[in-house]
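Chemist: I'd like to ask you about the structure that follows.
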Amino acid sequence: ETGVTQTPRHLVMGMTNKKSLKCEQHLGHNAMYWYKQSAKKPLELMFVYSLEERVENNSVPSRFSPECPNSSHLFLHLHTLQPEDSALYLCASSQDTGQHAETQYFGPGTRLLVL
Amino acid sequence: AQSVTQLGSHVSVSEGALVLLRCNYSSSVPPYLFWYVQYPNQGLQLLLKYTTGATLVKGINGFEAEFKKSETSFHLTKPSAHMSDAAEYFCAVSISNFGNEKLTFGTGTRLTIIP
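From first to last, the protein sequence lines stand for chains A and B.
One rule links them: number in the working numbering = place in the first sequence (from 1) + 746.
Residue -16 in the working numbering sits at position 3 of the second sequence; the count goes up by one each step and never skips.
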C-alpha cells in the first residue's frame, strides 16, 4: 500500500454516536494534517501534528478529538456531532512542517453524513 | 494574513480548447503558491508549485502557471483541454511564519470539458 489511506470512505452517524476516522501514511513523513472540506468553502485546516505532537488546533470544537499514536497514523474521534459537521474529511501528510514549500499528500477522504 | 481568490467557481471549455483558471493571492511577504487538483472521489493531488526562481512553472499533465507579482496572480493554463482534465482545481498560498507555515486554499474551480 502506498501514499495516504483513509478509512472508512463513507460514514453515516447519528448525533449521539461515537465513531473514529483513521488515516495512515506510507511515505515516511513526519507531519500529518486533518482538513474539513465543505461545499463552496475553502478547505479548513483542523489539526496539525509534527512527530506525533499537536502543533496547531484551529479553534475546532471539542466534539472532534485527534490522536496521533505514531508518525504513520492519525485518528479523528467523533462524538455528539451536529448535522453541520457533515463534510468530506481529508487527511494529508508532508515530510515536515515549518517548510513553507512543503508538498502535502492527501488521502481520498472520508465522506461523513450526520443525521 | 494571506488569502486566495479563485475567480469562477465553474469553468467549461471544449475539448482541445485553452484552459485558463484564475487565482489571485494576498500576502504581505513573498508567497509560495500551489495548484492542487481533485478528481471525483479522490483527495487532492499537487499539480505544480512556485517557490523561487523562474516565474513560469510547469506541472503534471501539461499544466503550467505563471507567477506575476505585479498582478498578485498565479493563473493556471493548459493549451489543449482533454476530457480527463475534468476535476476541481484549488489554488493555495503558503508564507514563511517561523515554523508555523500552513496552506491557505481558495474555494476551488470546477472544470467541465465539453466533448
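Here a beta-carbon is modelled for each residue, glycine too, at the ideal position from N, C-alpha and C.
Start and end of the beta strand (DSSP E) containing S840 of chain A?
Modeler: As a working note, residue 840 of chain A is residue 94 in the first sequence. First-last of the beta strand (DSSP E) with S840 of chain A: A833 to S840.
Chemist: Cβ of V10 of chain B within 8 Å of Cβ of L2 of chain B?
Modeler: Position 29 of the second sequence, counted from the first residue, corresponds to residue 10 of chain B. Position 21 of the second sequence, counted from the first residue, corresponds to residue 2 of chain B. Cβ atoms of V10 of chain B and L2 of chain B: not closer than 8 Å.
Chemist: I want to verify the contact list: residues of chain A whose CB lies under 7 Å from the CB of G(-11) of chain B, in sequence order.
Modeler: On the second sequence, residue -11 of chain B is found 8 positions in, with the first residue counted as 1. None at all; the shortest Cβ gap to chain A is about 13 Å.
Chemist: Can you pull the chain E residues whose beta carbon is under 7 Å from the beta carbon of L84 of chain B, in chain order?
Modeler: Absent here is chain E; the protein component of the structure consists of chains A and B.
Chemist: Which residues, in order along the segment 787 to 804 of chain A, keep a beta-carbon less than 8 Å from a beta-carbon of chain B?
Modeler: Those would be K787, P788, L789, L791, V794, V801 and E802, in chain order.
Chemist: Between L822 of chain A and W780 of chain A, how many whole angstroms is the CB-CB distance? I'm expecting something under 8 Å.
Modeler: Taking the first residue of the first sequence as position 1, residue 822 of chain A is located at position 76. Taking the first residue of the first sequence as position 1, residue 780 of chain A is located at position 34. Yes, they are in contact, since the Cβ atoms of L822 of chain A and W780 of chain A sit about 6 Å apart, within 8 Å.
Chemist: List, in chain order, every chain A residue whose beta-carbon is nearer than 8 Å to that of K30 of chain B.
Modeler: The count along the second sequence starts at 1 and reaches residue 30 of chain B at position 49. A847 and T849, listed in chain order.
Chemist: Can you grab the Cα-Cα spacing for the pair V0 of chain B / Y31 of chain B, in whole Å?
Modeler: Indexing the second sequence from 1 puts residue 0 of chain B at position 19. Indexing the second sequence from 1 puts residue 31 of chain B at position 50. About 19 Å.
Chemist: Just to confirm the assignment, what range does the beta strand (DSSP E) spanning I95 of chain B have?
Modeler: Working through the second sequence from its first residue, we reach residue 95 of chain B at position 114. That run of the beta strand (DSSP E) goes T90 to I95.
Chemist: What in chain B is Cβ-close to P854 of chain A, meaning under 9 Å?
Modeler: Here residue 854 of chain A refers to the residue found at position 108 of the first sequence. What P854 of chain A touches in chain B: N22, Q23 and G24.
Chemist: For P60 of chain B, tell me which candidate among B:C72, B:E47 and B:G43 has the shortest Cα-Cα distance.
Modeler: Here residue 60 of chain B refers to the residue found at position 79 when the second sequence is read from its first residue. Among B:C72, B:E47 and B:G43, the Cα nearest to that of P60 of chain B is on B:G43.
Chemist: If you draw a straight line from the alpha carbon of A777 of chain A to that of S(-16) of chain B, how long is it in whole angstroms?
Modeler: Working through the first sequence from its first residue, we reach residue 777 of chain A at position 31. Working through the second sequence from its first residue, we reach residue -16 of chain B at position 3. Spanning the two alpha carbons is a distance of roughly 23 Å.
Chemist: Per DSSP, which one or two residues make a beta bridge with Q(-13) of chain B?
Modeler: Here residue -13 of chain B refers to the residue found at position 6 of the second sequence. Bridge partners of Q(-13) of chain B: B:C4.
Chemist: For the beta strand (DSSP E) that contains N803 of chain A, what are its first and last residues?
Modeler: Your numbering for residue 803 of chain A matches position 57 in the first sequence. Note, N803 of chain A: beta strand (DSSP E), E799 to N803.
Chemist: Cβ of T843 of chain A within 8 Å of Cβ of V801 of chain A?
Modeler: Position 97 of the first sequence holds residue 843 of chain A. Position 55 of the first sequence holds residue 801 of chain A. Against a cut-off of 8 Å, the Cβ pair of V801 of chain A and T843 of chain A comes out as a contact.
Chemist: Could you please give the first and the last residue of the uninterrupted beta strand (DSSP E) stretch that includes Y31 of chain B?
Modeler: Taking the second sequence and counting its residues from 1, the one referred to as residue 31 of chain B is at position 50. Segment L25 to Y31, the beta strand (DSSP E) holding Y31 of chain B.
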